Amino acid sequence: MLTGLPPLVSSHTQVLILGSFPGVASLASQQYYGHPQNQFWKILQAIWPSCALPTGASSYQIRSEWLLARGLGLWDVYAACEREGSLDSQIRTPVLNDFAEILRLCPALQAIAHNGAESFKHARRVSAALAGAEPLQADSAPLEGRALQKVKSVGVKFYKLPSSSPAHAAWSFERKLAAWREVFEKHRWV
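Numbering (numbering that gives the first Met the number 0), first residue to last: 0 to 189.
Structure below.
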């Protein structure tokens, strides 16, 4: 069983970007989006070009501070899982993170942006946990009635973004960047 990374958030986090689970390179370096071919940091640099982001493993602390200064935060939907390699399709026996406390950690939270389809398939579970509507379980039934109404009252918007993973080659970098930029510009987070 592999264990993920702790949330990278602050009390000023307005947008929480949720991945699925760190890849092998990220786990080895204990850094979000640590694989050099992952386009995550490149996408953010293109959205905010006026402040150059340092590259390389030794610059992670600076990039983390840069990210937090823009009101962004990082985490994953899975706290732990079994997996060989880095592909989401290889994830087995996933354990979801406990999102019930995220509003306490991030009182300014306005949106959750799911980095890829695997993360986004749990958007309702994350929303329910924020609302305190149900226990967060990967295999629980769809939300209905009062639970669904409570989820809608959380006030946090949810977005599905194209994965920044190099495995998601169906979209060009430019197309991914346009989708990410649209979400950030829509809310004047740029």
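We put the CB at the ideal spot given by N, CA and C, even for glycine.
Since the structure is predicted, the reported quantities are computational estimates derived from the model, not experimental observations.
Problem set entry | Contact belief for Val23 with Gly84 at Cβ below 8 angstroms, rounded distance in angstroms | Correct: roughly 7 angstroms between the Cβ atoms.
Exercise. Got a sec? Which residues, its chain only, sit under 7 angstroms from Gly154 by beta carbon, not counting five neighbours each side?
Worked result: None.
For this session: Taking Leu43 as part of the beta strand (DSSP E), name the residues at either end of that continuous run.
Result: Element bounds for Leu43: not the beta strand (DSSP E) but the alpha helix (DSSP H), Phe39 to Ile46.
Exercise. Rounded to a whole number of angstroms, what is the C-alpha to C-alpha distance between Ser164 and Gly131?
Worked result: The straight-line gap from Cα to Cα measures roughly 31 angstroms.
For this session: Measuring only between beta-carbons, confirm whether Trp74 sits less than 8 angstroms from chain B.
Result: The structure shown contains no chain B; it holds only a single protein chain.
Problem set entry | Buried versus exposed call for Ile61 [16 or more other C-beta atoms within 10 Å across all chains shown] | Burial is judged here by how many other beta carbons sit within 10 angstroms of a residue's own beta carbon; Ile61 has fewer than 16 and is exposed.
Exercise. Just to confirm, are Ala110 and Leu160 a CB contact at a threshold of 8 angstroms?
Worked result: Using a Cβ distance threshold of 8 angstroms, Ala110 and Leu160 do not count as a contacting pair.
For this session: Report all residues from its chain with a CB closer than 7 angstroms to the CB of Ala79; omit the five preceding and five following residues, and keep chain order.
Result: For Ala79, where only same-chain residues beyond five positions count, the Cβ hits under 7 angstroms are Met0, Leu1, Thr2, Gly3 and Val94.
Problem set entry | C-alpha distance - Arg69 paired with Arg91, whole-angstrom precision | It is roughly 34 angstroms from the alpha-carbon of Arg69 to the alpha-carbon of Arg91.
Exercise. Exposed or buried, which one is Ala177 when buried takes at least 16 other CB atoms within 10 Å?
Worked result: Its Cβ having fewer than 16 others within 10 Å, Ala177 is exposed.
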